[in-house]
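Asker: So that we are looking at the same thing, I have put the structure below in structure tokens.
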Amino acid sequence: MASVEVGDVPQKGHGKVRRAAVCSDALLERPSEGNCNSMADVLDFAVKKFTNKPVMGERDLIKVHKEEKEITKKIDGKEKKEKKTWEYSELSDYHYLTYNEFYEQVQAIGSGLRGLGLSHDTRFNIYASTSLNWQKMAHSCFQQNIPFCTAYDTLGEEGLQHSLSEPDVVGVFTNPKLLQTLTNVIGKTPTVKLVIYDGKAEQAQLDKLKEAMGDREGVKIVHLDEVLKEGKANKVEPHKPKSEDVACIMYTSGSTGAPKGVILTHGNLIAALGAIEKLIGHHLKPTDTFLAYLPLAHILEFIVESACLYVGITMGYGNVKTLTSASTRNCEGDLAAFKPSVMVGVPAVWETIRKGINAKVAGGPAVARTFFKAG
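Just so you know, the sequence shown maps onto residues 56 to 430 in my numbering.
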């Protein structure tokens with residue numbers, strides 16, 4: 056991307072500031088339509104424009120198939136055969152929410168969060184896998200001007216504890232598979248009094264979590280469906296944020312030490328949407344479909360999904376482990392089931408997809424293999 060020099064030399068020995076050539080006259084502050092100043096405005100705009108269009112879809116887990124396979128390992132230069140159990144997911148077809156259905160649920164959950172004591176002066180945390188529910192929680196916070204922090208679902212106990220303690224988090228949204236890690240650290244994070252979870256959690260695990268929270272005052276452990284139900288019954292008007300208000304604090308993955316929190320205002324996120332529209336907006340159409348599977352705790356996935364929401368692109372949620380049919384049973388992988396026209400990824404993911412394609416070709420007829428290799 057070409058850049059140009061702008062302004063005067065700030066001080067002796069320094070060069071001029073450089074800016075992208077496509078917006079050399081001024082910094083972009085927002086996308087072109089909707090006069091958006093916050094992420095709450097983005098959803099409001101998109102719902103009015105794409106009311107009954109599918110916005111997000113997901114698949115349900117029907118069954119986990121376990122298969123035992125023999126693998127060969129080299130230990131001290133000698134080959135040794137071992138048996139290993141592999142897990143394969145059986146998934147439903149995609150089912151969707153329209154923009155309006157998503158908006159209604161977001162308003163209800165946001166009201167529920169207010170009823171649970173969250174506000175602009177508190178800090179929430181989303182410690183969960185990339186999913187439709189992740190986005191519901193984020194936009195519920197946006198609509199009620201509740202700043203939230205993000206934590207990778209791959210964080211270890213030390214990293215999670217840091218991302219809960221440093222910003223004095225009072226509430227957490229998580230998934231059943233992450234409850235044990237949360238239980239292990241929650242005794243060291245005394246400000247956390249509220250845990251919201253989705254899916255099907257074992258009662259024994261919930262009891263352990265409550266016990267680990269000790270005798271701190273006002274402890275609540277509730278299912279997301281309960282928050283939705285209470286919010287529908289006790290609606291609260293949205294508390295719309297200003298551009299300068301903190302939208303979220305994104306914590307890094309902690310690969311080089313303790314996770315670091317990056318404070319992002321609504322203005323920061325809106326400006327990023329404007330940049331995407333300016334640079335690649337001509338490639339993105341409401342008829343496109345986007346497969347979402349990278350961590351929403353990372354700004355790349357989060358801002359790309361936000362751009363899809365703004366443009367009217369239908370998103371389907373997947374998982375790195377179920378992208379190809381090689382990782383599923385009695386159903387297609389996410390790629391074949393959703394058929395996206397837009398994806399973002401990293402080299403490791405593209406390699407997984409390549410291996411899946413090659414495995415399928417190798418299992419096909421000789422004629423098909425010949426044509427595939429011929430390009």
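Every residue, glycine too, gets a C-beta built ideally from N, C-alpha and C.
Computed from a prediction, not measured in an experiment: that's the story for all the values here.
Using the C-alpha atoms, what's the distance from Tyr-149 back to Pro-296?
Answerer: For this step, residue 296 is matched to residue 241 along the sequence shown. For this step, residue 149 is matched to residue 94 along the sequence shown. Going from the Cα of Pro-296 to the Cα of Tyr-149 covers about 33 Å.
Asker: In this structure, does DSSP put Thr-140 in helix, strand or coil?
Answerer: Your numbering for residue 140 matches position 85 in the sequence shown. Residue state, collapsed to three classes: strand.
Asker: Lys-394: which of Leu-334, Thr-379, Thr-383 sits nearest, CA to CA?
Answerer: Position 339 of the sequence shown holds residue 394. It is Thr-379 whose Cα lies nearest to the Cα of Lys-394.
Asker: Just the C-alpha distance for His-338 and Asp-270, rounded to the nearest angstrom, thanks.
Answerer: Here residue 338 is taken as the residue at index 283 of the sequence shown, counted from 1. Here residue 270 is taken as the residue at index 215 of the sequence shown, counted from 1. Answer to the nearest angstrom: the Cα atoms are 55 Å apart.
Asker: Apart from the five residues on each side of it in sequence, which residues of its chain come closer than 8 Å, Cβ to Cβ, to Val-225?
Answerer: Within the sequence shown, the letter at position 170 stands for residue 225. So the qualifying residues of the chain are Gly-172, Leu-173, Thr-177, Arg-178, Phe-179, Thr-246, Val-247, Lys-248, Leu-249.
Asker: Hey, is the segment 91 to 105 in contact with the segment 114 to 131, meaning 3+ C-beta pairs nearer than 8 Å?
Answerer: The segment 91 to 105 is not in contact with the segment 114 to 131.
Asker: Just to check my reading of the structure: Val-110 and Met-370 have Cβ atoms closer than 8 Å, yes? What is that Cβ distance to the nearest angstrom?
Answerer: In the sequence shown, the residue the question calls residue 110 occupies position 55. In the sequence shown, the residue the question calls residue 370 occupies position 315. So it is a contact: roughly 7 Å between Cβ atoms.
Asker: So, Ala-76 versus Val-59, is the Cβ gap smaller than 9 Å?
Answerer: Numbered from its first residue, the sequence shown carries residue 76 at position 21. Numbered from its first residue, the sequence shown carries residue 59 at position 4. Closer than 9 Å, so yes.
Asker: Consult DSSP for Arg-409 and reduce its assignment to one of helix, strand or coil.
Answerer: Counting from one through the sequence shown, the residue named residue 409 turns up at place 354. Looking at Arg-409 - three-state DSSP - the assignment turns out to be helix.
Asker: What residues in its chain sit with their C-beta under 8 Å from that of Ser-344, if we drop five residues either side in the sequence?
Answerer: Indexing the sequence shown from 1 puts residue 344 at position 289. Reading off the sequence shown, one finds Thr at residue 344, where the question assumed Ser. Answer for Thr-344: Ile-368, Thr-369, Met-370, Gly-371, Phe-393, Lys-394, Pro-395, Ser-396, Val-397, listed in chain order.
Asker: On the three-state DSSP scale, how would you describe Cys-386?
Answerer: Position 331 of the sequence shown, counted from the first residue, corresponds to residue 386. It is coil, neither helix nor strand.
Asker: Do three or more CB pairs link the segment 216 to 224 to the segment 196 to 207 at distances below 8 Å?
Answerer: Judged by Cβ distances under 8 Å, the segment 216 to 224 makes contact with the segment 196 to 207, as three or more pairs qualify.
Asker: Rounding to the nearest angstrom, what Cα-Cα distance links Lys-71 and Glu-84 in this structure?
Answerer: Translated into positions along the sequence shown, residue 71 becomes position 16. Translated into positions along the sequence shown, residue 84 becomes position 29. Distance between the alpha carbons of Lys-71 and Glu-84: 21 Å.
Asker: Please specify which runs of the beta strand (DSSP E), each continuous and at least 3 residues long, are wholly inside the segment 102 to 174, giving them in chain order.
Answerer: Here the runs fully enclosed are 109 to 113, 116 to 130, 133 to 146, 150 to 153.
Asker: Anyone know if the C-beta pair for Gly-167 and Ile-201 falls short of 9 Å?
Answerer: As a working note, residue 167 is residue 112 in the sequence shown. As a working note, residue 201 is residue 146 in the sequence shown. No, Cβ-Cβ distance for Gly-167 and Ile-201 is not below 9 Å.
Asker: Note down the Cα distance separating Thr-425 from Glu-145, rounded to an integer number of angstroms.
Answerer: Indexing the sequence shown from 1 puts residue 425 at position 370. Indexing the sequence shown from 1 puts residue 145 at position 90. For Thr-425 and Glu-145, the distance between alpha carbons rounds to 31 Å.
Asker: Would you kindly work out how many angstroms separate the C-alpha atoms of Ile-181 and Ile-241, rounded to a whole number?
Answerer: On the sequence shown, residue 181 is found 126 positions in, with the first residue counted as 1. On the sequence shown, residue 241 is found 186 positions in, with the first residue counted as 1. Each residue's Cα considered, the two are about 15 Å apart.
Asker: From Ile-358 to Leu-334, what does the alpha carbon distance come to, in whole angstroms?
Answerer: Taking the first residue of the sequence shown as position 1, residue 358 is located at position 303. Taking the first residue of the sequence shown as position 1, residue 334 is located at position 279. Rounded to whole angstroms, Ile-358 to Leu-334 spans 14 Å at the Cα level.
Asker: Please report the straight-line C-alpha distance between Pro-341 and Asn-90, rounded to a whole angstrom.
Answerer: As a first step, residue 341 must be located in the sequence shown, where it is residue number 286. As a first step, residue 90 must be located in the sequence shown, where it is residue number 35. Spanning the two alpha carbons is a distance of roughly 19 Å.
Asker: Could you check the C-alpha separation between Ala-163 and Gly-211 for me, to the nearest Å?
Answerer: The sequence position of residue 163 within the sequence shown is 108, counting from 1. The sequence position of residue 211 within the sequence shown is 156, counting from 1. Going from the Cα of Ala-163 to the Cα of Gly-211 covers about 32 Å.
Asker: Quick one: what's got a C-beta closer than 6 Å to Glu-286's C-beta in the same chain, skipping five residues either side?
Answerer: Within the sequence shown, residue 286 is the residue found at index 231, counting from 1. In the sequence as displayed, the identity of residue 286 is Gly instead of Glu. Around Gly-286: Ala-163, Ile-164, Ser-166, Gly-167.
Asker: Quick one, are the C-beta atoms of Asp-300 and His-194 less than 9 Å apart?
Answerer: Stepping through the sequence shown from its first residue, residue 300 is reached at position 245. Stepping through the sequence shown from its first residue, residue 194 is reached at position 139. No. Outside cutoff.
Asker: Just how far apart, CA to CA, sit Asn-289 and Arg-169?
Answerer: By one-based count along the sequence shown, residue 289 stands at place 234. By one-based count along the sequence shown, residue 169 stands at place 114. Taking the straight line joining both Cα atoms gives about 10 Å.
Asker: Any idea what DSSP makes of Glu-332, helix, strand or coil?
Answerer: The count along the sequence shown starts at 1 and reaches residue 332 at position 277. Of the three classes helix, strand and coil, the one that applies to Glu-332 here is helix, per DSSP.
Asker: Could you tell me whether the segment 300 to 314 touches the segment 273 to 287, using the rule of 3 or more Cβ pairs below 8 Å?
Answerer: At 8 Å Cβ cutoff, the stretches do not touch.
Asker: Got a sec, what are the start and stop residues for the alpha helix (DSSP H) Ile-241 sits in?
Answerer: Looking up residue 241 in the sequence shown gives position 186. It spans 234 to 241 - the alpha helix (DSSP H) in which Ile-241 sits, taken as one unbroken run.
Asker: Could you say if the segment 231 to 241 and the segment 318 to 328 meet the contact criterion of at least three C-beta pairs nearer than 8 Å?
Answerer: Cβ pair count under 8 Å is below three, so no.
Asker: DSSP state of Tyr-372, grouped into three classes?
Answerer: Position 317 of the sequence shown holds residue 372. DSSP places Tyr-372 in strand when its eight states are reduced to three.
Asker: Please determine, among Ser-93, Thr-383, His-353, the residue with the shortest C-alpha to C-alpha distance to Gly-411.
Answerer: Here residue 411 refers to the residue found at position 356 of the sequence shown. Closest option to Gly-411, Cα to Cα, is Thr-383.
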